[in-house]
Amino acid sequence: TGWQRQAHFFIRNGQPIHRLIEASPGATNLFPDVAHHLQIASGRMPSQLIDVPGLTASARFCAANGITFDGVIANPSNVREYLNLLAPMHLLRVTDRWGMLGLRPALPVTIAHAIDTSPLTPVMTFDESNSSEFQVTRRPISDRKAFAALVLWRDQPENDVGVTQATEVRYAGTAIDGPYEDLDGSEFMTRELHAVRAGALRLAQRRHITHDASWVVVPTPQIAALRAGDIVRVDRARNPVVGAPTTWSYLYEIETISGPLLGPWTIQASHHPVNDAGSSLLALEVAGAAVA
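In terms of this note's numbering, the sequence shown is residues 1 to 292.
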């Protein structure tokens with residue numbers, strides 16, 4: 001038959017590029033290395049606008065957790081769009097701090113670059129003394145309904161053609177018959193645990209993140225040092241017309257900080273859910289995800 005007469009070529013190592021951890025050229029299977037190379041190769045991004053420390057930390061996270069990029073970039077694409085598309089599949093998020101583009105883990109991380117399931121310590125607290133115009137936007141219940149993530153990945157033998165596999169990730173007893181959401185990592189994902197954790201992150205974000213928030217601040221050096229992905233606390237007094245006063249106290253993950261150079265600045269953030277001990281629910285569920 002025709003397929004038996006086809007020649008297959010297997011390239012063990014890819015094009016040598018700058019590896020962030022080793023600080024030397026060579027083949028890599030880490031997505032942050034690829035992201036760094038794409039930013040440089042585009043020829044449109046000055047080196048001072050590339051967040052090398054953030055990319056390097058992300059590379060260490062991927063290496064420590066077996067999150068690999070085993071794919072081919074065959075077609076030209078917009079670098080920022082490409083990073084936004086693939087970063088979540090590598091448990092990462094895109095950061096843009098005052099025009100400096102980079103990556104960082106989408107989960108809390110230990111000093112050893114593992115997923116951190118211990119109680120979180122926010123980098124800063126915002127209350128009435130240093131913020132104003134606090135607003136909350138609830139996420140619709142319809143957006144948080146149970147679903148099953150169908151994650152496509154590639155079972156890649158060392159010397160043979162890869163076979164696309166599908167792994168279902170769901171909460172026990174939910175979405176038995178769907179609905180399904182496809183996460184296609186078959187072009188670069190070759191470990192089932194990688195697929196399971198990518199699916200677990202999507203499920204946990206949809207189940208546990210209940211709202212988004214924004215508030216206005218006056219610039220300070222501490223606030224200027226914040227970047228996307230930092231965890232902060234917001235404590236706000238609530239004085240209802242009926243009932244006793246309470247305190248609105250939640251952890252948030254910084255999304256963006258915007259505004260004129262001299263301020264005021266607006267911080268946009270998403271709710272970061274924690275358990276009673278203060279540990280990240282997202283981190284706990286992704287770290288606990290396992291291959292069936």
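Ideal Cβ positions, reconstructed from N, Cα and C, are used throughout, including at glycine.
Proximity below 7 Å, CB of residue i to CB of residue j
{"i": "Ala204", "j": "Glu285", "result": "yes"}
{"i": "Leu293", "j": "Ser186", "result": "Coverage of the chain is limited to positions 1 through 292, which leaves residue 293 absent and any answer about it impossible."}
{"i": "Leu91", "j": "Ala106", "result": "yes"}
{"i": "Ser280", "j": "Leu103", "result": "no"}
{"i": "Phe134", "j": "Arg236", "result": "yes"}
{"i": "Ser42", "j": "Val94", "result": "no"}
{"i": "Ala198", "j": "Met100", "result": "no"}
{"i": "Val217", "j": "Ser129", "result": "no"}
{"i": "Tyr180", "j": "Ala200", "result": "no"}
{"i": "Val109", "j": "Phe61", "result": "yes"}
{"i": "Leu20", "j": "Asp33", "result": "yes"}
Which of helix, strand or coil DSSP assigns to residue i
{"i": "Leu20", "result": "coil"}
{"i": "His271", "result": "strand"}
{"i": "Phe134", "result": "strand"}
{"i": "Ala287", "result": "helix"}
{"i": "Gly178", "result": "strand"}
{"i": "Gln39", "result": "helix"}
{"i": "Ser249", "result": "strand"}
{"i": "Arg93", "result": "strand"}
Identified DSSP bridge partners for residue i
{"i": "Ile50", "result": "Leu101"}
{"i": "Ser186", "result": "Bridge partners of Ser186: none, in fact."}
{"i": "Ser280", "result": "Val274"}
{"i": "Leu83", "result": "In DSSP, Leu83 forms no bridge with anything."}
{"i": "Pro32", "result": "Paired residues: none, contrary to the question."}
{"i": "Phe126", "result": "Val234"}
{"i": "His194", "result": "None; His194 has no bridge partner."}
{"i": "Pro25", "result": "His18"}
Assess, as a yes-or-no matter, whether the stretch 206-216 is touched by the stretch 133-140 under the definition of 3 or more beta carbon pairs within less than 8 Å.
-> yes
At least 3 beta-carbon pairs within less than 8 Å: the stretch 227-242 vs the stretch 115-132 = yes
Evaluate the contact criterion for the stretch 155-173 versus the stretch 248-257: three or more CB pairs, one atom per stretch, below 8 Å.
-> no
Should the stretch 188-198 be called in touch with the stretch 270-280, which here means at least 3 C-beta pairs below 8 Å?
-> no
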